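Notes to accompany the following structure.
2 protein chains.
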Amino acid sequence: MRTSVTVDTGASRYEILIGRGVWADAASWDGLPRAAHAAIVSNTTVAPLYAGRVAALLQARYREVCTVVLPDGEAHKDWRTLDLIFDHLLAHGADRQTVLFALGGGVVGDMAGFAAACFMRGVPFVQLPTTLLAQVDSSVGGKTGINHPRGKNMIGAFHQPSRVLCELDTLATLPARELSAGLAEVIKYGPIADMGFLDWIEDQLDALRERDPAALAHAVRRSCEIKAQVVGADEKEAGLRAILNFGHTFGHAIEAGVGYGRWLHGEAVACGMVMAAELSARLGLVDRGFVARLESLLQRAGLPTVAPPLGAGRYLELMRVDKKALGGEIRFVVIESPGRAALRPAPDALVREVIEARCGAVA
Amino acid sequence: MRTSVTVDTGASRYEILIGRGVWADAASWDGLPRAAHAAIVSNTTVAPLYAGRVAALLQARYREVCTVVLPDGEAHKDWRTLDLIFDHLLAHGADRQTVLFALGGGVVGDMAGFAAACFMRGVPFVQLPTTLLAQVDSSVGGKTGINHPRGKNMIGAFHQPSRVLCELDTLATLPARELSAGLAEVIKYGPIADMGFLDWIEDQLDALRERDPAALAHAVRRSCEIKAQVVGADEKEAGLRAILNFGHTFGHAIEAGVGYGRWLHGEAVACGMVMAAELSARLGLVDRGFVARLESLLQRAGLPTVAPPLGAGRYLELMRVDKKALGGEIRFVVIESPGRAALRPAPDALVREVIEARCGAVA
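As you go down the protein sequences, you meet chains A and B in turn.
The first sequence lines up with residues 1 to 363 when you count with the numbering used here.
The second sequence lines up with residues 1001 to 1363 when you count with the numbering used here.
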């Protein structure tokens, strides 16, 4: 069983292929950009599992195939690691047609994509996401970049992949913590766009955590459909696309505040969604039952819902550099009504209340 | 007297305003992107001369104006210096509407432009070029980037400025060596596009070196016209745009080979143009008189025409990573006939002959 979802931003159009055995199917690789040279970008965890297999598939299509293996984890999503990709490409005779293949999770995809955006001012790339989070969110839509000590994903580019190949079999080897982190982004699509999907997730959560292939296939497909629709309407985040950042304003502050890599991105987003839902309730947009329902589902998914005690001042400081902030005013993705999100500012005093209500005790 | 040239790439359209007093004219700044915040990016040489004046002009239009001062020179066109811009922007409350103003020569423009391309995945920027080279070439057309130890401008983006304001009065304080470097790029437009312009340069060279305002105004305007026409036809260098790189394949090898900053970019391009003309002659495309004429004019402009003795092997190694190379084959911009250029490969043996004929003795 294999399905496809099309992303069409006007300026570019590509397919997301989803299923078991998608990589093994030769047709999945047909029609990719031609070049003398292909480079696989992976990390120390994923490369031993899949890089040899992917290299063999690419050798049938590219004269030279090289693999660059990055250190694993959000803590390495910086210029130093990006430079490893550039060094490797230049040492191995890459040129401005070279195609990059991002083999790994969200960090690998973001960095390989940004490297592709910048190398010789732009080369094509293909996403081969191996985590649930990357398959349902980060590999789709062309957001690429690296972190800055002051803020997450501060340096980057919009650079759409030529294709996304979601091999569902890779989810079988995914650590449970990573699976839960991916479920956070799956759950996200409910409150912002499709409460029927949220009902389905609640019903199928045990199957998802047990990695039932049919349940995972539906979760990935429906997530990609929603994301493709939003990105197609607003590639560069002039407006609508910001709703995909539900939970991310608080979440990015958690990631930067505790130090990149301590919390997984999906974990920080889970906690951030509870905080953003709490804010929505305090703004009178949703009722308490909605907040409790979201919190309970995230807990069932194995995700944290109590924020680290950084102090409200530090949260506000970190959120003021969020990319959605304008002229010093933080803007939050709030739930206007279940299934519909919007971007809006909130008074600092109210945000402080949210943080205090949702933070754990200082250790 | 003030003239304007329009650049229209289809995806973006902007004006180059050229003249004395262009900055002082309030109308020059009308219609730029609105934001709460503007950031001037300059260097230790240019900032003391002009940053205060530009900041005063911007303060009338932006609530907050900050200035980041970079170390001067090609040797600093790297990630470390770029990061100074990001640090400064984040420390000063920049957001995704912040407008960057590149105040300086080609290095400042390339780095401020690349920073604008990457900061929060893209903010607008304005070019305020203060060198002849930047006014006639690098500030126009949206090529931005930084160097890599293995090759010049290897990491970058196409990111068009919102406007280019060529204040000709800044050329009065330009060191003679920098003026000559700029003349190399002015002279370049003759062989590749307009032999009538080459005749004019030959006639007006003394006036140009004496900084005659009318001569400089014509040189900048005609250069920008040619560049705008080429960039408008081929923004991303799918083909035609490569002709603007006449002399640059050899020139970039010189810059990287002797160490960035030892030769000015324009000096390396001057020498590279003689080598590329020599190659064109050896390919039977132009006669010896054409090569001698170009060499003589560059010498009159105060530019070097004898290449540094890096050894042919090192030249070839450096040129193999040139962005125009494909599948390991170096491609050169050659003069097909005076006023017309084209991109083509050449046998290594012939290129070695050119290098040996045009290199100085090993010291």
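Where is the CB? At the ideal position from N, CA and C, for every residue including glycine.
Computed from a predicted structure; not experimentally measured.
* Identify whether G19 of chain A lies in helix, strand or coil by the three-state DSSP scheme. => strand
* Asked: Taking all protein chains shown into account, do 16 or more other C-beta atoms lie within 10 angstroms of the C-beta of R1053 of chain B, making it buried, or fewer, making it exposed?
  -> Classification of R1053 of chain B: exposed, given that the 10 Å Cβ count is below 16.
* Consider the Cβ of N1153 of chain B: report whether some Cβ of chain A lies at a distance smaller than 9 Å. => yes
* Starting from T144 of chain A, follow its DSSP beta bridges and name the residues at the other end. => A:A157
* Spell out the partners DSSP gives C1359 of chain B in its beta bridges. => For C1359 of chain B, which the question treats as bridged, DSSP gives the partners B:A1307.
* Asked: Could you give the C-beta distance for L1316 of chain B and V1351 of chain B, rounded to a whole number, given that I count them as a contact under 8 Å?
  -> 7 Å
* Just mark V306 of chain A as buried or exposed, buried being the case when its beta carbon has 16 or more other beta carbons within 10 Å. => By the 10 Å Cβ count, V306 of chain A comes out exposed.
* Determine the burial state of A363 of chain A: buried for a count of at least 16 other Cβ atoms within 10 Å of its Cβ, exposed for fewer. => Residue placement at A363 of chain A is poorly supported in this model, since its pLDDT is 48, which falls under 50; the coordinates still yield a value, given next. Exposed: under 16 other Cβ atoms inside 10 Å.
* Identify, in the order they occur along the chain, each residue of the same chain with its Cβ nearer than 6 Å to the Cβ of A1047 of chain B, setting aside the five sequence neighbours on each side. => V1069
* Asked: Can you give, in chain order, each stretch of the beta strand (DSSP E) that sits fully within the segment 1069-1118 of chain B and has at least 3 residues?
  -> 1099-1104
* Quick one: Cα of A1134 of chain B to Cα of G1284 of chain B, how far? -> 33 Å
* **Residues near A268 of chain A by beta carbon distance below 6 Å, same chain, minus five either side** => G251, I254, E255
* **Chain-ordered neighbours of Q97 of chain A on chain E, where CB pairs are closer than 7 Å** => Reference to chain E is not applicable here, since the protein chains of this structure are A and B.
* To do: Measure the C-alpha to C-alpha separation of M1273 of chain B and K324 of chain A and round it to an integer number of angstroms.
  => 47 Å
* To do: Ignore the nearest five residues each way along the sequence and tell me which others in R320 of chain A's own chain have a CB closer than 8 Å to its CB.
  => G328, I330
* Asked: First and last residue of the beta strand (DSSP E) that includes L1165 of chain B?
  -> 1163-1167 is the span of the beta strand (DSSP E), which, as asked, contains L1165 of chain B.
* Beta-carbon neighbours of A1038 of chain B, restricted to chain A and to distances below 8 Å -> None at all; the shortest Cβ gap to chain A is about 12 Å.
* Note down, one range per segment and in chain order, each beta strand (DSSP E) of at least 3 residues found wholly within the segment 240-264 of chain A. => none
* **Proximal chain A residues relative to L1285 of chain B, where beta-carbon distance stays under 9 Å** => Within 9 Å Cβ-Cβ: nothing; L1285 of chain B doesn't reach chain A, min ~25 Å.
* To do: May I ask you to list, following chain order, the residues of the segment 72-86 of chain A that have a beta carbon less than 8 Å from some beta carbon of chain B?
  => W79, D83, F86
* Return the chain-ordered list of same chain residues with a C-beta closer than 7 Å to the C-beta of R96 of chain A, the five sequence neighbours on each side being excluded. => M120, V123
* Outcome for A1292 of chain B when other beta-carbon atoms lying within 10 angstroms are tallied against a minimum of 16 -> Burial call: exposed.
* Contact check, S139 of chain A vs V99 of chain A under 8 Å by CB: the rounded distance? -> Between V99 of chain A and S139 of chain A the Cβ distance is about 16 Å, and since that is not below 8 Å, they are no contact.
* Output, in chain order, the set of chain B residues within a Cβ distance shorter than 7 Å of V354 of chain A. => Within chain B, no residue comes near V354 of chain A; the closest Cβ sits about 22 Å away, beyond 7 Å.
* Same chain, Cβ closer than 6 Å to L1058 of chain B, five either side skipped, listed in chain order -> A1038, V1065
* Just the Cα atoms here: how many angstroms apart are A80 of chain A and V1286 of chain B? -> Correcting the residue type first, residue 80 of chain A is Arg in the shown sequence and not Ala. Taking the straight line from one Cα to the other gives about 47 Å.
* Measuring alpha carbon to alpha carbon, tell me which of B:P1345, B:L1168, B:L1205 ends up nearest F1332 of chain B. => B:P1345
* Would you check if the segment 1143-1154 of chain B and the segment 78-94 of chain A touch, i.e. whether three or more CB-CB distances between them fall below 8 Å? => yes
* Any Cβ of chain B within less than 9 Å of the Cβ of A363 of chain A? -> Unreliable placement is indicated for A363 of chain A, whose pLDDT of 48 sits below 50; no coordinate value is reported for it.
* Roughly how far, in whole angstroms, is the beta-carbon of G313 of chain A from the beta-carbon of E235 of chain A, given that I think they are within contact range, below 8 Å? -> Rounded, the Cβ-Cβ distance is 35 Å, inconsistent with contact.
* chain B residues whose Cβ lies nearer than 7 Å to that of I148 of chain A -> The sequence as given places His at residue 148 of chain A; Ile does not occur at that position. Those within 7 Å of H148 of chain A in chain B are F1086, L1090.
* To do: For the alpha helix (DSSP H) holding L318 of chain A, just list the boundary residues, first then last.
  => Segment 312-320, the alpha helix (DSSP H) holding L318 of chain A.
* **Residue span of the alpha helix (DSSP H) that contains I187 of chain A, given as start and end** => 176-193
* Asked: Going along the chain, which residues of the segment 304-332 of chain A sit with their C-beta nearer than 7 Å to a C-beta in chain B?
  -> V321, K323, A325, L326, G327, G328
* May I have the straight-line CA-CA distance separating R34 of chain A from V108 of chain A, to the nearest angstrom? => Looking at the backbone, the Cα of R34 of chain A and that of V108 of chain A are separated by about 22 Å.
* Determine whether the Cβ of M1111 of chain B lies closer than 9 Å to any Cβ atom of chain A. => no
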